[in-house]
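Asks: For any residue, its number in our numbering is found by taking its place in the sequence shown, counting from 1, and adding 1474. Here it is, the structure in full.
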Amino acid sequence: AANSGAKITLDNEGQVEFIAEKEIDHVLCVRVIDINMGEVIGQAKLAVEYGASLEDIVRTSYPHPTLSETFKDVALAAYFQA
């Protein structure tokens, strides 16, 4: 499902995926597929480089409505699947 930022820009084609180590809740990789997801690239780099947990990402505030909220939405879904 598209977030608010995607609905406003009519951009429903993108995808963000997390690969995380379940036992230690550590983000290993973030895959971002979309021409307009430049908002997320910096967040993805920081998460992987500094070993953020899914909980760290979920507890971070994001501006609304923006595409960058996708980062939190996906982390939240992954957090509850773990």
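Glycine residues also receive a C-beta, built at the ideal position from the N, C-alpha and C atoms.
1) In the DSSP assignment, find the unbroken beta strand (DSSP E) run with ALA1494 in it and report its ends.
2) So what does DSSP say about ILE1498, is it helix, strand or coil?
3) Counting along the chain, where does the alpha helix (DSSP H) carrying LEU1541 start and finish?
4) Comparing C-alpha positions only, which one of LEU1528, ASN1510, GLY1512 sits nearest to LYS1496?
5) Per DSSP, VAL1506 forms a beta bridge with which residues?
Replies: Taking the geometry as given:
1) Translated into positions along the sequence shown, residue 1494 becomes position 20. Segment 1489-1495, the beta strand (DSSP E) holding ALA1494.
2) The residue labelled residue 1498 in the question sits at position 24 within the sequence shown. Residue state, collapsed to three classes: coil.
3) Along the sequence shown, one-based indexing puts residue 1541 at 67. Taken as a continuous stretch (DSSP letters only), LEU1541 belongs to no alpha helix (DSSP H), as it is neither H nor E.
4) As a position in the sequence shown, residue 1496 is number 22, starting the count at 1. Checked all of LEU1528, ASN1510, GLY1512; the closest Cα to LYS1496 is LEU1528.
5) The count along the sequence shown starts at 1 and reaches residue 1506 at position 32. VAL1490.
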